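In my numbering, the protein residues as written are 69 to 223. Reviewing the structure listed below.
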């Protein structure tokens with residue numbers, strides 16, 4: 069999805085929210101809600117691993133992605149990272165975890181494993197199982213294998 073489409077979607081969402089909340093909103097909060105909904109940013113980081121890339125070279129590209137995401141995570145200082153599995157989320161989550169270890173900013177990391185993962189975790193899941201605050205699985209068998217995980221059914 070392009071940045072323009074996301075901005076358009078968020079603008080429409082803010083307008084819908086604004087219209088649906090109009091009778092309930094007080095005069096002082098009237099100016100805050102739509103602006104708050106529009107505050108987001110998109111940052112790009114290099115991919116951790118290309119399709120069919122060798123495991124040895126993917127270590128180097130993942131390190132490159134981590135080094136690239138460290139300044140972004142430091143700059144943004146997110147309160148929460150919610151991710152669902154692509155390898156790109158690993159460098160961002162590890163960067164946020166490092167900021168927490170250094171007591172710069174404590175970020176809550178929530179990882180949602182793909183519904184396609186019925187019996188085993190994805191590579192991202194195997195890594196982030198140890199670094200995430202909440203690890204959500206969508207199959208009860210995975211909850212049995214990974215006790216730290218939270219089973220919420222299909223989401």
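Idealized CB from N, CA, C, for every residue including glycine. Just so it is clear, the structure is predicted and the values come from calculations on it, not from any experiment.
Asked                                                                                                            : Found
Residues that residue 23 bridges to, as DSSP identifies them                                                     : What the structure shows of the chain is the stretch from 69 to 223, and residue 23 is not part of that stretch, so it cannot be assessed.
Three-state class that DSSP yields for residue 218 in the structure shown                                        : strand
CB of residue 159 within 8 angstroms of CB of residue 113, strictly                                              : yes
Residue of 152, 172, 130 and 156 minimising C-alpha distance to residue 143                                      : 172
Close Cβ partners of residue 211 (< 6 angstroms) along its chain, the five nearest in sequence each way excluded : 205, 217 and 219
Closest Cα partner of residue 152 within the set 83, 141, 138 and 184                                            : 184
Local Cβ density within 10 Å of residue 165, reported as buried at 16 or more and exposed below that             : buried
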